[in-house]
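Notes follow the structure.
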Amino acid sequence: MVKSSNKHTGMLAVGCIVIWGVFLYFTFHQPVSKDPVFEVYSNINKVYQNFEIDYLSYVKTATDYEGNDLKDHTHITYTPIDNTKLGTYNVEYTLTDDHNRSVTRTVRIKIEAYPGASNVSTDPGASYISEEELRDKINGTQGGM
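Residue numbers (the working numbering): 28 to 172.
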């Protein structure tokens, strides 16, 4: 006789063997991890400089051991990076379930310059001048005359 089971509580195997007329009965129980299941996109994820980063978009799966969805800002924490500076950064994510069990993963994010936007100033105090106004200033005229 062999019986097996696999529930949230673990794996159970039961067996009987008869050897030389001796009846042997055994059980084997292996507990299943109750840590949350947490998968992220581990390849290098590219974001353009100064663009908003949607940190949760890099999370594939975030569930507790019972399969409840935990993909939200309540259960997942991370340290934001400076999206104004070019470079590749490691962002540490931590998923904590309702039983205070945590799992940590790392996501690599590369901040790249927007194509064709080399040497663009992002000074928030800079004033805007239209193309027409710039042309007038260069030509020494006012009001498009």
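Just so you know, even glycine gets a beta-carbon here, dropped at the ideal spot from N, CA and C.
Distance CB(residue i)-CB(residue j) smaller than 8 Å
i	j	result
ILE80	LEU113	no
ILE71	THR115	yes
TYR82	TYR105	yes
VAL27	ILE103	A question about residue 27 goes unanswered here, because the residues of the chain that appear run from 28 up to 172.
GLN76	THR111	yes
For residue i, three-class secondary structure by DSSP
i	result
TYR105	strand
ASN72	strand
ASN129	Reading off the sequence, residue 129 comes out as Ser, not Asn. The answer is strand: DSSP assigns SER129 an E or B state.
TYR85	helix
ASP163	helix
Presumed contact (8 Å Cβ cut-off) between residue i and residue j, rounded CB distance
i	j	result
TYR85	LYS61	Between LYS61 and TYR85 the Cβ distance is about 25 Å, and since that is not below 8 Å, they are no contact.
GLU66	THR88	4 Å
Selection from the options that minimises the alpha carbon distance to residue i
i	options	result
LYS98	VAL64, LYS73, ILE165	VAL64
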